[in-house]
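Each remark here refers to the structure printed beneath this line.
Protein chains: 2
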Amino acid sequence: LPRNSFSERALAEKVLKGDLRSASRLLTLVENRDPAALPALKILYPHTGKAHLIGVTGPAGVGKSTLINLLISAFRKKRKSVGVLAIDPSSPLTGGAILGDRLRMRPHFLDKGVFIRSLATRGAWGGISPALFDAIHILDAMGKEIIFIETVGVGQDEVQIARLAETLLLVLSPGIGDEVQILKAGLLEIGDIIAVNKGDLNEADLLVQQLQETVLGRPIVKVAAAEEEGLSTLVSQLEKKLIENRSDRARKINFVREEIQELLREALVQEGLSDPLVARQVERILSRKQDPYSFIRSWMKKKGLKTFS
Amino acid sequence: LPRNSFSERALAEKVLKGDLRSASRLLTLVENRDPAALPALKILYPHTGKAHLIGVTGPAGVGKSTLINLLISAFRKKRKSVGVLAIDPSSPLTGGAILGDRLRMRPHFLDKGVFIRSLATRGAWGGISPALFDAIHILDAMGKEIIFIETVGVGQDEVQIARLAETLLLVLSPGIGDEVQILKAGLLEIGDIIAVNKGDLNEADLLVQQLQETVLGRPIVKVAAAEEEGLSTLVSQLEKKLIENRSDRARKINFVREEIQELLREALVQEGLSDPLVARQVERILSRKQDPYSFIRSWMKKKGLKTFS
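Top line first, the protein sequences correspond to chains A and B. In terms of my numbering, the first sequence opens at residue -16 and continues consecutively. In terms of my numbering, the second sequence opens at residue -16 and continues consecutively.
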């Protein structure tokens, strides 16, 4: 048994009861890839798979956090428990999460039915970190019925994260200029619903019209912070999609596959890099006595693993 | 022997003679992670380790391509053979390289002593792809004495790539505004030489002054496309650093380590993901009969690999 299994079991049980402080503690362990999180995660896993995951993505500056704020209020009125995972780009050298926008969600800080957390997901290896999956399981197990996953930007990592969500809300706003090109290249293809935020601006109608010509068959909803109507349309469109996508088995299988891949990648890379044989070979490769390709091949063979050449 | 070993050997020999078309062909194989590249790469490897690698990085819009253009001309006048690898951010969905800026290097397209290539390095997994190392070896083996590695932006991938270079040139320009914060956070720490581009703009002197207060002990050179003086100072500073860093063993060892890590990661992840056992377990994990953490553990054990919990 792991050393702290008693306290880790207690931690898991508190998370299952929805305790915010325990969930925060476990999320920190997970973010630091601390193996101490593992016993609790194993206990929580059978209790997961119930929450609706809504990905919220779009270029910086379109008002994603403000919109999520409004959506939290709307779902809270419907007595739904809500969680938010805000995926922050890590600073290149410190790896720390930038808080920034999170402050806009402050109105909900005192509501115990809402759990908001910033997550620095990019590990040393780039891409999605297994921490994201763990974090989703934690919020799911603590009873959050709706989990928003907010990403910043329109890069490859964001698209990858967005694909994990059950339902994807793409947020745009007038005046994003050049980014429309980027969006045309990919992001528009993966949004289930498109919200045109800052709908009270003059150019909003033009953007809605342009989108209607580009994106066929998916709802485009104009939203403005001061107007009730757009928001309630958006909420009912989201609810409709959540029910539709709930029975989409392919998305669920994709989620599990992606999670296994990330965990495998983490475990295998650590295994390879901790092997002293690898460290010793650096010298021979540096002096060009061996090429790195042949070395990898012989290492894989020695470990009884397949090789590809 | 691999099926095409004869033609791959011929390809490698042409690359060693500096043939541009053969180098291009091999780079395409490498970029697509085509195993057909392997025999040629193995032949080339013993001929590598001679080129000087100069990383060129900095925020978008500071004029990196224009500056590299000027540097190419300067090194060509000194009868050096020059290669450029332009690391382009991949489009999120297509994975293809965006050409754009490369067109600014057009003046050198007819010079056979210059080889310029855009490279989409981000694989499905994010981060540096082994393709970058392979590409450096190819340019090195074909006899390029100076290889510029140009990255766009100031993110984690760029810092990682920059660290591979023997010498790093950080390019800034007046009017980058907010980005100064980002630079303070990390990029300034890793530049060997800092070029202030667009030095003819009014605010250039202020930026040079600010940098002199922040960056101690490293050369800051003001450059303007129309002025000879700054450029020749930059070239002699670069030449000085190249000689200094040539004897820096730690950098060379770091390069080999990083390359082995990337190759290992690629090989191990493919091994894990191609295992039919993994595919079969998705169903059990999806139905919550097993948790993914225990599955990874037992898989690693079965393969005789270490586990971490």
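Ideal Cβ positions, reconstructed from N, Cα and C, are used throughout, including at glycine.
Going along the chain, which residues of its own chain have a beta-carbon closer than 6 Å to the beta-carbon of Leu12(A), five neighbours each way excluded? Cβ within range, chain order: Ala19 and Ala20.
Would you say Met283(A) faces chain B, with C-beta separation under 8 Å as the test? True, the Cβ-Cβ gap to chain B drops below 8 Å.
What do you reckon, are the CB atoms on Thr134(B) and Asp175(B) nearer than 8 Å? In this structure, Thr134(B) lies away from Asp175(B), with their beta-carbon atoms at least 8 Å apart.
Determine the direct distance from the alpha carbon of Ser112(A) to that of Leu153(A), and round the result to whole angstroms. The alpha-carbon atoms of Leu153(A) and Ser112(A) are separated by roughly 22 Å.
Of all the CB atoms in chain B, is at least one closer than 8 Å to the CB of Arg297(A)? The displayed coordinates of chain A run from -16 to 292. Any statement about residue 297(A) would go beyond what the structure contains.
Measuring straight from C-alpha to C-alpha, what distance separates Gly182(B) and His35(B)? The straight-line gap separating the alpha-carbon atoms of Gly182(B) and His35(B) is approximately 26 Å.
Determine the burial state of Pro75(A): buried for a count of at least 16 other Cβ atoms within 10 Å of its Cβ, exposed for fewer. Note that Pro75(A) scores 37 on pLDDT, short of 50, meaning its location in the model is unreliable; the coordinates nonetheless yield the value given after this. Burial call: buried.
Cβ of Leu102(A) less than 8 Å from any chain D Cβ? You won't find chain D in this structure, because its protein chains are A and B.
Beta carbon proximity, Ala(-7)(A) to chain B, threshold 8 Å: No, Ala(-7)(A) lies away from the interface with chain B (no Cβ there is under 8 Å from its Cβ).
Any idea what DSSP makes of Val206(A), helix, strand or coil? Correct three-state label for Val206(A): coil.
Report the residue from Leu171(B), Gln192(B), Lys95(B) and Ala145(B) whose alpha carbon sits nearest the alpha carbon of Arg234(B). When each option's Cα is compared against that of Arg234(B), the closest is Ala145(B).
Arg100(A) burial status per 10 Å Cβ neighbour count (16 or more: buried): Classification for Arg100(A): buried.
Check whether Ile279(B) and Ala250(A) have beta carbons under 8 Å apart: Yes, they are a contact pair.
Note down, in chain order, every chain B residue with its Cβ under 9 Å from the Cβ of Gly174(A). Close partners of Gly174(A) in chain B (Cβ separation under 9 Å) are lacking, with about 13 Å as the shortest Cβ gap.
Counting only Cβ pairs nearer than 8 Å, list the residues of chain A close to Lys286(B). For Lys286(B), the neighbours in chain A by C-beta distance under 8 Å run, in chain order, Lys286, Gly287 and Leu288.
Whether Ser(-10)(B) touches Lys(-3)(B) by CB criterion (8 Å): In this structure, Ser(-10)(B) lies away from Lys(-3)(B), with their beta-carbon atoms at least 8 Å apart.
Consider the Cβ of Glu242(A): report whether some Cβ of chain B lies at a distance smaller than 8 Å. By this cut-off, Glu242(A) is an interface position.
Quick check on DSSP: helix, strand or coil for Glu149(A)? Look at Glu149(A) here: in three-state DSSP terms it is coil, with no helix or strand label.
Neighbourhood of Gln195(A) by C-beta distance below 8 Å, restricted to the same chain and skipping five residues each side: If you ignore the 5 residues before and after Gln195(A), its C-beta comes within less than 8 Å of the C-beta of Ile203, all in its own chain and listed in chain order.
Leu10(B) by DSSP, collapsed to three states: which one? Helix at Leu10(B).
Among Met125(B), Ala57(B), Ala148(B) and Leu68(B), which one has its Cα closest to the Cα of Glu241(B)? Comparing Cα positions, the closest option is Ala148(B).
So, do the region 270 to 277 of chain A and the region 261 to 275 of chain B have three or more beta carbon pairs nearer to each other than 8 Å? Judged by Cβ distances under 8 Å, the region 270 to 277 of chain A makes no contact with the region 261 to 275 of chain B, as fewer than three pairs qualify.
Residue from Lys61(A), Asp94(A), Arg267(A) and Asn228(A) with nearest C-alpha to Val218(A): For Val218(A), the closest alpha carbon among the candidates Lys61(A), Asp94(A), Arg267(A) and Asn228(A) is that of Lys61(A).
Closer than 8 Å to chain B by CB, Leu217(A): Judged by the 8 Å Cβ criterion, Leu217(A) is not in contact with chain B.
What residues from chain A crowd round Ser(-10)(B), counting only those whose CB sits closer than 9 Å? Those do not exist, as Ser(-10)(B) stays about 16 Å from chain A at its closest Cβ, beyond 9 Å.
CA nearest to the CA of Ser64(B), picked from Gly126(B), Ala23(B) and Lys33(B): It is Gly126(B) whose Cα lies nearest to the Cα of Ser64(B).
By Cβ distance below 7 Å, which residues in the same chain neighbour Ala124(B) in space, the five residues on each side in sequence not counted? Excluding positions up to five away in sequence, the list reads Val(-2), Leu(-1), Leu27, His30 and Thr31.
Taking CB distances under 8 Å as the criterion, tell me whether Lys294(A) reaches chain B. Residue numbering for chain A in the displayed model covers -16 to 292; residue 294(A) lies beyond these limits and cannot be assessed.
My output table needs one value for Arg234(B): the three-state DSSP class, helix, strand or coil. Residue state, collapsed to three classes: helix.
With a threshold of 16 other CB atoms inside 10 Å of the CB of Ala262(B), please say whether the residue is buried or exposed. When all chains shown are included, Ala262(B) counts as exposed.
Comparing the C-beta of Arg201(A) with each C-beta of chain B, is any distance below 8 Å? Under the Cβ criterion of 8 Å, Arg201(A) is not counted among the residues facing chain B.
Chain A contact residues for Pro29(B), given Cβ-Cβ distances below 8 Å: Within chain A, the residues near Pro29(B) are Arg271 and Asp274.
Note the first and the last residue of the continuous alpha helix (DSSP H) segment covering Gly158(B). Element bounds for Gly158(B): n/a, residue is neither H nor E.
Cutting at 7 Å between CB atoms, please list the residues of its own chain near Asp94(A), excluding the five before and the five after it. Setting aside the 5 residues that flank it on each side, Asp94(A) is surrounded in the same chain by Arg59, each with a C-beta closer than 7 Å to its C-beta; the list follows chain order.
Given a threshold of 16 other Cβ atoms within 10 Å of its Cβ, counted over all protein chains shown, does Gln192(B) qualify as buried or as exposed? When all chains shown are included, Gln192(B) counts as exposed.
For Val239(B), decide whether its Cβ has a neighbour in chain A, counting only Cβ atoms nearer than 8 Å. True, the Cβ-Cβ gap to chain A drops below 8 Å.
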